[in-house]
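*Asks:*
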Amino acid sequence: RTPNRYRFIDYPIEIVEFLRNVIGEPAFLVGHSLGAVTAAGVSAVTPDQVAAAVLEDPPLYVEQTSQFQATYDIRMKNLSVSETAIELRKIDTSSSNESIAKRAVSVAKVDPEVWAFQGDGQLAESWDPDAVLSEIKTPMLLMQASPDMGAELSDSEATKADDLLINGRYVKWDDVGHGMHDAQPERFVELVNTFLTQILRKQAKT
Numbered sequence: 001r002t003p004n005r006y007r008f009i010d011y012p013i014e015i016v017e018f019l020r021n022v023i024g025e026p027a028f029l030v031g032h033s034l035g036a037v038t039a040a041g042v043s044a045v046t047p048d049q050v051a052a053a054v055l056e057d058p059p060l061y062v063e064q065t066s067q068f069q070a071t072y073d074i075r076m077k078n079l080s081v082s083e084t085a086i087e088l089r090k091i092d093t094s095s096s097n098e099s100i101a102k103r104a105v106s107v108a109k110v111d112p113e114v115w116a117f118q119g120d121g122q123l124a125e126s127w128d129p130d131a132v133l134s135e136i137k138t139p140m141l142l143m144q145a146s147p148d149m150g151a152e153l154s155d156s157e158a159t160k161a162d163d164l165l166i167n168g169r170y171v172k173w174d175d176v177g178h179g180m181h182d183a184q185p186e187r188f189v190e191l192v193n194t195f196l197t198q199i200l201r202k203q204a205k206t
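And the structure:
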C-alpha cells in the first residue's frame, strides 16, 4: 500500500526510477488503461528513457469517463470475487470471461483507497492530459476501443490526443471494448510488434 499516493501523477514515479536505475537505456512501454496513462506520464517527464510507447485505450480525460465511476461503485459494495465478476460483466459485455474473472480479482483485492481516489476526483488531481501529451516527443501508438462497447476514450478525446502527440500514430478498433488485448490478443500483438519493429528499423538507420 502507498497511502495517499494513488493519483495519476504519482504512478510514474517508481517506473521512472526503475528505468533509470535498473534498465539504464531507453525502453519500450506498453500500457493498458491506467497503465497507459502512466506510460504517457513517464514518456513526458523522461523522454531519454523511453524509446516508444503503446497507449491502449487510456482514460486520459478520466473526469469525463463513466467507466471508472461504475467500477468504483462496484468495489464499494464489498462483494465477493464471483459477485464482482457478475457486476463487471454488466458494464462490460465484450471482454472474455477469463478477462472479467481476472479483473474481478483485481477490483475485489486491491487497496480500497485506489478506488476511493477514483470516486472522489483525487485521481486526476493536478493531472493535465493536454500538457502531458504535448510534452511527449517519443513515438506513441494511441489505441482507442469502441465508445459503444465501453471505451475509456471518446472519439473527440482520441482526436484531441492524436493532434497533441507530436510523434503519434492513432488506431481505432470499432469492434472491441476497453480490454482490447483481451478481446483480440493475436491482433493486438501483431499491431504492437509491427509498430515497435518500425521504430527499431528507424533507429538502426540513424
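Numbering (the working numbering) for the sequence shown: 1 to 206.
Even glycine gets a Cβ: it sits at the ideal position worked out from N, Cα and C.
Values in this document were obtained by computation on a predicted structure and should not be read as measured data.
Checking the sheet assignment: what are the DSSP bridge partners for Leu141?
*Replies:* Val54 and Arg169
*Asks:* So, with DSSP's three-state summary, where would you put Val105?
*Replies:* Per DSSP, reduced to three states, the secondary structure at Val105 is helical.
*Asks:* Just mark Gln49 as buried or exposed, buried being the case when its beta carbon has 16 or more other beta carbons within 10 Å.
*Replies:* buried
*Asks:* What span of residues does the alpha helix (DSSP H) with His178 cover, start to end?
*Replies:* No alpha helix (DSSP H) holds His178; DSSP gives it neither H nor E.
*Asks:* Restricting to Cα atoms, I'd like to know which of Ala70, Pro12 and Gly24 is closest to Ser43.
*Replies:* Pro12
*Asks:* Is it the case that the stretch 74-86 contacts the stretch 96-114, given that we only count it when at least three CB pairs across the two stretches are under 8 angstroms?
*Replies:* With a cut-off of 8 angstroms, the stretch 74-86 and the stretch 96-114 count as touching, because enough Cβ pairs lie within range.
*Asks:* By how many angstroms is the C-alpha of Glu135 removed from the C-alpha of Val45?
*Replies:* So the two alpha carbons sit approximately 8 angstroms from each other.
*Asks:* Do you know how far the Cα of Asp111 is from the Cα of Met219?
*Replies:* Residue 219 is absent from the model: the chain starts at 1 and stops at 206.
*Asks:* Quick check on DSSP: helix, strand or coil for Val30?
*Replies:* strand
*Asks:* Do Pro59 and Val30 have their CB atoms nearer than 8 angstroms?
*Replies:* no
*Asks:* Does the distance from the CB of Gly177 to the CB of Ala151 come in under 8 angstroms?
*Replies:* In contact: Gly177 and Ala151 (Cβ atoms closer than 8 angstroms).
*Asks:* Rounding to the nearest angstrom, what Cα-Cα distance links Thr93 and Met149 in this structure?
*Replies:* Spanning the two alpha carbons is a distance of roughly 7 angstroms.
*Asks:* Going straight from the alpha carbon of Tyr170 to that of Met143, what length do you get?
*Replies:* 6 angstroms
*Asks:* Thinking C-beta only, is Asp163 closer than 8 angstroms to Ser95?
*Replies:* No. Outside cutoff.
*Asks:* CB Ala52 to CB Ile199, shorter than 8 angstroms?
*Replies:* yes
*Asks:* Relative to the C-alpha of Val54, which candidate in Arg201, Gln203, Thr194 and Lys205 has its C-alpha closest?
*Replies:* Thr194
*Asks:* Within the same chain, show all residues whose beta-carbon is closer than 7 angstroms to that of Arg89, passing over the 5 residues directly before and after it, in chain order.
*Replies:* Ile100
*Asks:* Find out if the Cβ-Cβ distance for the pair Trp127, Ser146 is shorter than 8 angstroms.
*Replies:* no
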